[in-house]
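Working notes for the structure below.
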Amino acid sequence: MHGTCKSSWFTMLVDAAKDFFSLTDLFETLMSVEKYPKNPMLGYREIVNGKAGKYVWQTYKEVYDIVIKVGNSIRACGVDEGGKCGIYGANSAEWIMSMEACNAHGLYCVPLYDTLGANAVEFIICHAEVSIAFIEEKKIPELLKTFPNSTKYLKTIVSFGKVTPDQREEVEKLGLAIYSWNEFLELGQNKQFELPEKKKTDICTIMYTSGTTGDPKGVLISNESIVTLVSGVKRLLESVNEHLTAKDVYLSYLPLAHIFDRVIEEFFISQGASIGFWRGDVKLLLEDIAELKPTIFCAVPRVLDRVYAGLQQKISSGGFLKKTLFNVAYSYKQSNMKKGHKTGEAAPIFDKIVFSKVKQGLGGNVRLILSGAAPLATHVEAFLRVVTCSIVLQGYGLTESCAGTFVSLPHEFSMLGTVGPPVPNVDVCLESVPEMGYDALSDTPRGEICIRGKTVFSGYYKREDLTKEVLIDGWLHTGDVGEWQPDGAMKIIDRKKNIFKLSQGEYVAVENLENIYGLVPGLDLIWIYGNSFESFLVAVVNPNKQALERWAEENGVSGDFNSLCENPLAKEYILGELTKIGKEKKLKGFEFVKAVHLDPVPFDIERDLLTPTYKKKRPQLLKYYKVATLESSLDDIFHSVNRY
């Protein structure tokens, strides 16, 4: 392997990873029911007369007792060790209890979710051979749409709430059993099943992810992967004098069906901390935060972008004196943070008189904000580090690496714009990518990020071919290009393959989209671009000269071909044609192009935009259209959409 390798900056495995314990041990012993039986574990807002009230909590002992019942009931349905258990719905106490029952009885927990596409739930049930599914009450109609194909494997359905007579009739006529939550708990009431002996290499979950064209891929994650990551993150926080304790409170709103939130909640559970669930409505999120008062807040960049935008709007609408005071306070605190002062010590007076309102907006108790799933814009990260009175960290990882691979360090302002150093228990290697000009052995090492360690996944379920593509000699090839910083932090700078992630965490297979949009008759060539700092796609189009001139004549638009390409009406026309074909092909919302630049000069070899075989050279296209002296650069296109 041509590259540069760095072990994690901790040289030894943490003690907890040496003496391995399974996820069930995390729940039963470490967290622990024995240590903190009366601690509040899972909470939800009680609805009284249509209004949300206080959080109502179940203790660790109460949750444990229900988990035992759920596990016995699952086994009473004939599902044994190694069986596949689907969970479909929004985050809830029942979601966690179902997951813990799977952990206890050696079952594969298989999250079901429809954001991977309309047929994803049916595909996952059939591909993973899910025999029992726990499901949110309002999702039952969606599950029924998978009938009859899914019934080849699916035999038992458990609603987190109630079951209507019509639903019961539809399910039972196909030979399946369906239970309300309370009915299901009664099944194993007088039965006791021994817990199987679990090994560290046992798979605890199959988490499906997109990331490429075609069907979702089932990522096999072992007990050891999650425990190793939890142990490593714990050690990392302790090394910088930050500790997660039983008094910490977490707001569960990021999907448990994704590895980021799943691992965070496992970490909280392992420490005996409290998890409160949101009501599932983004418009009510701030109300839930205000009531719960979390101490640690995890978010994807899209959420933090909205926080940033809202704060900027309030600042700009304030009077002259307020804006002046804010700017003075901001500059003073940021300057001190750059000098090495800790967040809470950089400007304590300004924190009280200026920034305290921002802290109160997040409930008043948040001390740590963690961003993951996609890159956080540097200006947003810098702003939040100053005004939230909290530590703001940025992390990086894949489902295949159990979410956590890099995390920036508290109080290190120099790590702004990076994802920090590797977490403990992980080795990282950069592999050169010559075709993109990245040399892992140069003075500034750049290359594809490769990961090795116990956190790496066990393979793709039933897809050995895809596993071999990314898992080579024990190294997971991420497809992301990174740059080592002098302080040991990693900066993500590119994507090796033509698949990238938008700011909301959705993957885009750009070549597939270009093939679809290329069906528009008025186009000669199209190049689609997006990045992880934006939530939408833009495109540079070479319009067909005759087709565009014919449209202009028919619509009374004057000018030669070059001027037509600059005409807003022509851009609107081309964009409309792209939207039309997108709707015909049933593209997802984030796959629609939102703005175009029309270039009358075709992509060519002379400008190094095409290979001799006329394939697009994407890094060169990006470089050209970012620096070319065009009236509408890529940045202008993005900004115009943002303004709109």
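With the numbering used here as the guide, the letters of the sequence shown map in order to residues 1234 to 1877. Positions of the beta carbon are idealized from the N, C-alpha and C atoms, including for glycine. Note that the structure is a prediction, hence the values are computed from the model and not measured.
Neighbourhood of residue i by C-beta, 6 Å cutoff - its chain only, sequence neighbours within 5 removed
i            : result
residue 1261 : Reliability of the predicted coordinates at residue 1261 is poor, the pLDDT of 46 falling under 50, and the value obtained from them is presented with this limitation in mind. Excluding sequence neighbours, residue 1261 sits near nothing in its chain.
residue 1461 : 1250, 1658, 1687, 1688
residue 1781 : 1797
residue 1300 : 1330, 1333, 1334
residue 1340 : 1316, 1318
residue 1617 : 1625
residue 1854 : 1760, 1842
residue 1792 : none
residue 1694 : 1439, 1451, 1453
residue 1579 : 1566, 1569, 1570
First and last residue of the uninterrupted alpha helix (DSSP H) at residue i
i            : result
residue 1612 : 1611-1620
residue 1493 : 1492-1503
residue 1815 : 1801-1817
residue 1331 : 1326-1338
residue 1743 : 1743-1750
residue 1417 : 1414-1420
Boundaries (first-last residue) of the beta strand (DSSP E) holding residue i
i            : result
residue 1290 : 1284-1292
residue 1723 : 1723-1728
residue 1362 : Unbroken run through residue 1362: none, as it is neither H nor E.
residue 1660 : 1659-1664
residue 1523 : Run containing residue 1523: none in the beta strand (DSSP E); it sits in the alpha helix (DSSP H), 1518-1525.
residue 1530 : 1529-1532
residue 1830 : 1826-1831
residue 1732 : 1732-1734
residue 1484 : 1482-1485
residue 1319 : 1317-1321
Residue(s) in a DSSP beta bridge with residue i
i            : result
residue 1775 : 1758
residue 1439 : 1453
residue 1883 : Outside the modelled stretch of the chain, which goes from 1234 to 1877, sits residue 1883, for which no answer is possible.
residue 1275 : 1291, 1508
residue 1704 : 1709
residue 1679 : 1716
residue 1671 : 1666
residue 1281 : 1284
Neighbourhood of residue i by C-beta distance below 8 Å, restricted to the same chain and skipping five residues each side
i            : result
residue 1412 : 1389, 1390, 1391, 1392, 1396, 1420
residue 1289 : 1276, 1277, 1278, 1279
residue 1515 : none
residue 1284 : none
residue 1696 : 1450, 1451
residue 1286 : 1278, 1279, 1280
residue 1820 : 1746, 1749
Supposed contact pair residue j and residue i - C-beta distance, whole angstroms, cut 8 Å
i            : j            : result
residue 1452 : residue 1690 : 5 Å
residue 1770 : residue 1761 : 6 Å
residue 1343 : residue 1359 : 11 Å between Cβ atoms; not a contact.
residue 1364 : residue 1312 : 6 Å
residue 1211 : residue 1684 : No statement about residue 1211 is possible, as the shown extent of the chain runs from 1234 to 1877 and does not include it.
residue 1482 : residue 1509 : 7 Å
residue 1418 : residue 1338 : Between residue 1338 and residue 1418 the Cβ distance is about 15 Å, and since that is not below 8 Å, they are no contact.
residue 1375 : residue 1347 : 7 Å
residue 1627 : residue 1604 : 5 Å
residue 1776 : residue 1809 : Actually they do not touch by this definition, with Cβ atoms about 13 Å apart.
residue 1608 : residue 1766 : 6 Å
residue 1433 : residue 1456 : 6 Å
residue 1663 : residue 1637 : In fact, because the Cβ distance is near 19 Å, the residues do not count as touching under 8 Å.
residue 1386 : residue 1405 : Not really, about 17 Å apart at Cβ, beyond 8 Å.
residue 1294 : residue 1268 : Contact doesn't hold; Cβ gap of about 11 Å is too wide.
Spatial neighbours of residue i in its chain, beta-carbon cut-off 7 Å, leaving aside the 5 residues before and after
i            : result
residue 1583 : 1562, 1565, 1566
residue 1446 : Only weak support is given to the placement of residue 1446: the predicted model assigns it a pLDDT of 46, under 50, and the value that follows is read from those uncertain coordinates. Around residue 1446: 1742, 1745.
residue 1631 : 1711
residue 1403 : 1377
residue 1476 : 1470
residue 1718 : 1651, 1724
residue 1459 : 1256, 1437, 1496, 1499, 1635
residue 1587 : 1558, 1559, 1562
residue 1571 : 1646
residue 1352 : none
Any non-hydrogen atom of the ligand ZN within 6 Å of residue i CB
i            : result
residue 1363 : As for the ligand ZN, it is missing from this structure, which has no ligand bound.
Unbroken stretches of the beta strand (DSSP E), 3 residues or longer, contained in the segment 1551-1638: Counting only runs of 3 or more, we get 1601-1604, 1624-1629.
Length-filtered (4 minimum) alpha helix (DSSP H) runs lying within the segment 1371-1405: With a minimum length of 4 residues, the continuous alpha helix (DSSP H) runs that stay inside the segment 1371-1405 are 1373-1377, 1398-1405.
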